[in-house]
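**Q**
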Amino acid sequence: GLGSGGPECKPLLNVGQVDRVPAPTLTPTLSPTFSGRETATPTPTWMAPRIVAPAQDSVLPGTAVRLHWLSVGILPPGEVYLVQISDENSVVHNAVTRDTSLLLPESMVPGGGVPVDLTWTVSVARADDNDVYRIVSGYPSPNRFRWNSR
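The sequence shown begins at 171 in our numbering and counts up by one.
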């Protein structure tokens, strides 16, 4: 065949001329060999719900508080919003609901003149056969607020 390229290659081209330039021959790439021990990486079904209220670092009066978040969509049967509320030391309250808000129980309103700093998250969860909830949404962003005493 004819040689191509190199320092001595000086093709003559005219305006409007079409020329074919050979491309290198493709080398096949080997497909990966599977071991049989591969596992699927689980991905969240839903994005984490976005918190609406109370706003981050709010200071709230010592009265009833309702937490609000945006819907992730229509939850199928068996899936709920899991709300987890904790103070600096431990989990104070867990609740499940299919609504996009949760009224905190009256028993949680701080007393004794001492405010409480709380952190809360909301995520989508599904209960297993033992009624243990497993989060099926993205990781929730924690939200903080200070709840003043009655």
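We put the beta carbon where it would ideally sit given N, CA and C, even for glycine.
Whose C-beta lies closer than 6 Å to the C-beta of N313 among residues of the same chain, with five residues either side of it excluded?
**A** Taking the first residue of the sequence shown as position 1, residue 313 is located at position 143. The answer, listed in chain order, is I221, Q226, W290.
**Q** Going by the beta-carbon positions, is the gap between A353 and Y303 smaller than 9 Å?
**A** The first residue shown for the chain is 171 and the last is 320, placing residue 353 beyond what the model contains.
**Q** Taking only the alpha-carbon atoms, compute the straight-line gap between L196 and Q254 and give it to the nearest angstrom.
**A** Start at 1 with the first residue of the sequence shown, and residue 196 comes out as number 26. Start at 1 with the first residue of the sequence shown, and residue 254 comes out as number 84. Annotation: L196 to Q254 spans about 56 Å, alpha carbon to alpha carbon.
**Q** Sort G283, P285, V262, E258 by Cα distance to L274 and report the nearest one.
**A** Sequence index remark: in the sequence shown, residue 274 carries index 104 (1-based). Nearest option by C-alpha distance: V262.
**Q** Just to check my reading of the structure: V235 and L252 have Cβ atoms closer than 8 Å, yes? What is that Cβ distance to the nearest angstrom?
**A** The sequence position of residue 235 within the sequence shown is 65, counting from 1. The sequence position of residue 252 within the sequence shown is 82, counting from 1. V235 to L252, Cβ: 18 Å. No contact.
**Q** How far does the beta strand (DSSP E) with S271 in it reach, from first residue to last?
**A** For this step, residue 271 is matched to residue 101 along the sequence shown. Its beta strand (DSSP E) spans residues 271 to 273.
**Q** Please state if the CB of L288 and the CB of D257 are separated by a distance shorter than 9 Å.
**A** Position 87 of the sequence shown, counted from the first residue, corresponds to residue 257. Position 118 of the sequence shown, counted from the first residue, corresponds to residue 288. Yes; because the gap between Cβ atoms is below 9 Å, this pair is in contact.
**Q** Is there a Cβ from chain C that is less than 9 Å from the Cβ of P247?
**A** Although the question refers to chain C, the structure presented lacks it and comprises just one protein chain.
**Q** Quick one: Cα of D301 to Cα of T199, how far?
**A** Counting from 1 along the sequence shown, the entry for residue 301 is found at position 131. Counting from 1 along the sequence shown, the entry for residue 199 is found at position 29. Straight across, the Cα-Cα distance linking D301 with T199 is about 48 Å.
**Q** Going by DSSP, name the residue or residues bridged to A223.
**A** Numbered from 1 along the sequence shown, position 53 holds the residue referred to as residue 223. A223 is bridged by DSSP to H238.
**Q** Which residues in the same chain as S311 place their Cβ atom closer than 6 Å to its Cβ, once the five residues preceding and following it in sequence are excluded?
**A** Reading the sequence shown from its first residue, position 141 is the one you call residue 311. Cβ within range, chain order: n/a, list empty.
**Q** Please report the distance separating the alpha-carbon of V284 from that of S319.
**A** Taking the first residue of the sequence shown as 1, we reach residue 284 at position 114. Taking the first residue of the sequence shown as 1, we reach residue 319 at position 149. Note on geometry: alpha-carbon atoms of V284 and S319 lie some 5 Å from one another.
**Q** According to the neighbour-count rule (16 or more other Cβ atoms, all chains shown, within 10 Å of its Cβ), is P224 buried or exposed?
**A** On the sequence shown, position 54 is the one that residue 224 refers to. Flag for P224 reads buried.
**Q** Among all the DSSP beta bridges, which residues are the ones paired with Q254?
**A** Position 84 of the sequence shown, counted from the first residue, corresponds to residue 254. DSSP lists N264, T291 as partners of Q254.
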